[in-house]
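Below: the structure, in structure tokens.
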Amino acid sequence: MKITVLGRGNAGCLTALYYSYYTRNQKDIHIELIHDPDIPPEKVGQATVLEPPGLLWKALGINWYDNPIDATPKLGILYENWGKKNHKFFHPFPLNDITLHYTPSKLQDVILESEYFNVEEKHINDYNQIDSDFIFDCRGRHTNKQDDYYNLINPVNSVLLGESNSKECDINWTRAVATPDGWTFVIPKTTQNTSYGYLYNDKITSIEEASANFEKLFDFSKGEIEKKTSLKFNNYIAKRPIIDDRIILGGNRLFFLEPLEATAIQAYLFWAQRTFWWIIDKRSNPNFATQELYKYTTQLQNFILWHYVFGSKYNTPFWRYAQEFTINDDEFHKIVFAIKKFSLIDIIDDRIDIGVSPHGYGQWMPWSFKNWYEGMKNDKS
Ligand SMILES: Cc1cc2nc3c(=O)[nH]c(=O)nc-3n(C[C@H](O)[C@H](O)[C@H](O)COP(=O)(O)OP(=O)(O)OC[C@H]3O[C@@H](n4cnc5c(N)ncnc54)[C@H](O)[C@@H]3O)c2cc1C
86 MKITVLGRGN AGCLTALYYS YYTRNQKDIH IELIHDPDIP PEKVGQATVL
136 EPPGLLWKAL GINWYDNPID ATPKLGILYE NWGKKNHKFF HPFPLNDITL
186 HYTPSKLQDV ILESEYFNVE EKHINDYNQI DSDFIFDCRG RHTNKQDDYY
236 NLINPVNSVL LGESNSKECD INWTRAVATP DGWTFVIPKT TQNTSYGYLY
286 NDKITSIEEA SANFEKLFDF SKGEIEKKTS LKFNNYIAKR PIIDDRIILG
336 GNRLFFLEPL EATAIQAYLF WAQRTFWWII DKRSNPNFAT QELYKYTTQL
386 QNFILWHYVF GSKYNTPFWR YAQEFTINDD EFHKIVFAIK KFSLIDIIDD
436 RIDIGVSPHG YGQWMPWSFK NWYEGMKNDK S
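If you read the sequence shown in my numbering, its first letter stands for residue 86, the second for the next number, and so on.
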């Protein structure tokens, strides 16, 4: 069997690594990755949650001493100015879990040099140029046709990116800072630099206003932060994630959701696993994989939306708009109902049945719901 992955962005690299690592002892399975070196991958995608480091450890042996991607530890997400009660509120990872901030190009280079799969440089216009049994199309979002996608619900659609050449030494988490226009990520990306992303909605805030607020709130006056670029995006999912039982869309060609909670690359591994059950293990099928994907991305959408519903310290047009979203999913409301009845310590104790799925919701266990709910409701400041 031959599998081709198109694209060397985060999605292409992680998909190729997942398939080639888990089929490394199956000599009849050949994996190749093709990309066009004249089309650079996205520069964003610099943080993750708990599962991707597991693959990097297992397949590449990366650890905190032997760290070729120059990653920094991520111990959780510090929410600043969200809700009406707490000035600062932490979404932790369990004390025995840790994940990464990293530079995407370094991560991608290390995976491409791993020799788990062949790498070829070539421009691909047409799937007929490829003779493989399966093709993962991770060629990014730039040639997506809007008609091929459903919208996902989310209040932000634009970002201004910045970078400073320093890292605050005590910051070992992503900061997610609410602003009048949305929120900003502050990512201590390597030991030498910090990335900023000022997210807003361009239908509510002009780029000039967002840019002025970005500078004002993040102290550009010291000259440490440099503005890099701006991006616009839609939040979406493909109508046909799998085409003709052979072409599987991946990464930004498959779906996009804004970066709050940094869900993307873990979602690419979820998709790699669900398609692996069909293609390699032969115990699933394209319809089941697609249903699972839709359920999962709806859950990502909903948990992220829930953050906005509690508002922020700002009473601005953006926050009035963002607070109006409602979440239509019985499973979501069942978890919220359950977590109100139990203490955090009992919810974390997996021997106690709180009456909801023990597999969690999207990328979150019920204790994450409790943690966020308590943080928004309780005054701890
Ligand atoms: C502001 C912002 C912040 C984000 N933060 C995070 C985060 O913290 N964590 C996270 O997980 N995600 C984050 N994301 C999501 C991020 O978009 C993805 O992690 C990542 O960029 C996915 O890109 P990709 O691999 O799909 O495509 P790309 O990175 O665009 O790569 C496309 C690849 O396809 C190749 N290609 C294109 N056309 C052709 C062709 N015709 N022939 C051959 N090759 C071709 C290119 O050469 C390239 O290698 C963020 C996104 C945004 C906008």
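Idealized CB from N, CA, C, for every residue including glycine.
- To the nearest whole angstrom, what separates the beta carbons of LEU284 and VAL244, a pair I think is in contact under 8 Å? At roughly 5 Å, the Cβ-Cβ gap stays under 8 Å, so LEU284 and VAL244 are in contact.
- C-alpha gap between LEU385 and TYR353, whole angstroms: Taking the straight line from one Cα to the other gives about 13 Å.
- Message: So, for GLU206: in the same chain, excluding its five sequence neighbours on each side, which residues have a beta-carbon less than 6 Å away from its beta-carbon?
- Response: Closer than 6 Å at the Cβ level, and outside the excluded window around GLU206, lie PRO122.
- Are the beta-carbon atoms of LEU339 and ALA323 separated by less than 9 Å? Contact check for LEU339 against ALA323 passes: the beta carbons are separated by less than 9 Å.
- Message: Tell me whether ARG224, by its Cβ, gets closer than 8 Å to a heavy atom of ligand 1.
- Response: ARG224 has its CB nearer than 8 Å to a heavy atom of ligand 1.
- Message: Once the 5 residues before and after LEU145 are set aside, which same chain residues still bring their CB inside 7 Å of it?
- Response: Closer than 7 Å at Cβ, skipping near neighbours: VAL195, SER199.
- Task: Use the C-beta contact count for ASP415: other C-beta atoms within 10 angstroms, 16 or more gives buried, fewer gives exposed.
- Result: Exposed: under 16 other Cβ atoms inside 10 Å.
- Message: Taking the beta carbon of HIS418 as the centre, do at least 16 other beta carbons fall within 10 Å, making it buried, or is it exposed?
- Response: Classification of HIS418: exposed, given that the 10 Å Cβ count is below 16.
- Report yes if the C-beta of ILE350 is less than 8 Å from at least one heavy atom of ligand 1; otherwise report no. With a threshold of 8 Å, the Cβ atom of ILE350 counts as near ligand 1, since some heavy atom of the ligand is closer than that.
- What separation, rounded to the nearest whole angstrom, lies between the Cα atoms of ILE328 and VAL421? Each residue's Cα considered, the two are about 36 Å apart.
- Message: Can you tell me whether ASP67 sits near ligand 1, meaning its C-beta is under 8 Å from at least one heavy atom of the ligand?
- Response: The first residue shown for the chain is 86 and the last is 466, placing residue 67 beyond what the model contains.
- Message: What does the alpha-carbon distance come out to for the pair GLN193 and ASN95?
- Response: Between GLN193 and ASN95, the C-alpha separation is close to 7 Å.
- Task: Measure the C-alpha to C-alpha separation of HIS172 and TYR399 and round it to an integer number of angstroms.
- Result: Approximately 12 Å between the Cα atoms of the pair.
- Does DSSP put THR89 in a helix, in a strand, or in coil? Per DSSP, reduced to three states, the secondary structure at THR89 is strand.
- Message: Using a Cβ distance threshold of 8 Å, determine whether the stretch 214 to 231 contacts the stretch 175 to 187, with at least three qualifying pairs required.
- Response: No, because fewer than three Cβ pairs between the stretch 214 to 231 and the stretch 175 to 187 fall closer than 8 Å, the two stretches do not touch.
- Message: Using a Cβ-based criterion (distance less than 8 Å to any ligand heavy atom), does LEU316 qualify as near ligand 1?
- Response: The answer is yes for LEU316.
- Message: Just verifying my parser: in three-state terms, what is the DSSP assignment at PRO137?
- Response: In this structure, PRO137 counts as helix in the three-state DSSP scheme.
- How is the alpha helix (DSSP H) around ARG405 delimited, first residue to last? Segment 402 to 407, the alpha helix (DSSP H) holding ARG405.
- Message: With the cut-off set at 9 Å, would you say GLY447 and GLY168 are in Cβ contact?
- Response: Cβ atoms of GLY447 and GLY168: not closer than 9 Å.
- Task: Enumerate, from N- to C-terminal direction, the unbroken beta strand (DSSP E) stretches of 3 or more residues contained entirely within the stretch 277 to 307.
- Result: The stretch 277 to 307 contains these whole beta strand (DSSP E) runs: 279 to 285.
- Report whether the distance from the Cβ of PHE545 to the nearest heavy atom of ligand 1 is below 8 Å. Since the first residue shown for the chain is 86 and the last is 466, residue 545 is missing from the structure and cannot be characterised.
- Query: Would you call the CB atoms of GLU117 and ASN242 closer than 9 Å?
  - Reply: In this structure, GLU117 keeps its C-beta atom at 9 Å or more from the C-beta atom of ASN242.
- Message: For ILE433, which residues in the same chain have their Cβ closer than 7 Å to its Cβ, ignoring the five residues on either side in sequence?
- Response: The answer, listed in chain order, is TRP452.
- Task: Give the DSSP-derived three-state secondary structure of VAL394 in the structure shown.
- Result: Residue state, collapsed to three classes: helix.
- Query: In whole angstroms, what separates the C-alpha of PHE373 from that of TYR379?
  - Reply: For PHE373 and TYR379, the distance between alpha carbons rounds to 10 Å.
- Message: Is any non-hydrogen atom of ligand 1 found closer than 8 Å to the C-beta of ILE468, if you look at the structure I gave you?
- Response: Given a span of 86 to 466 for the chain in the structure shown, any question on residue 468 remains unanswerable.
- Query: With contact counted as at least three CB pairs below 8 Å, one residue from each stretch, are the stretch 100 to 111 and the stretch 124 to 132 in contact?
  - Reply: No, the stretch 100 to 111 is not in contact with the stretch 124 to 132.
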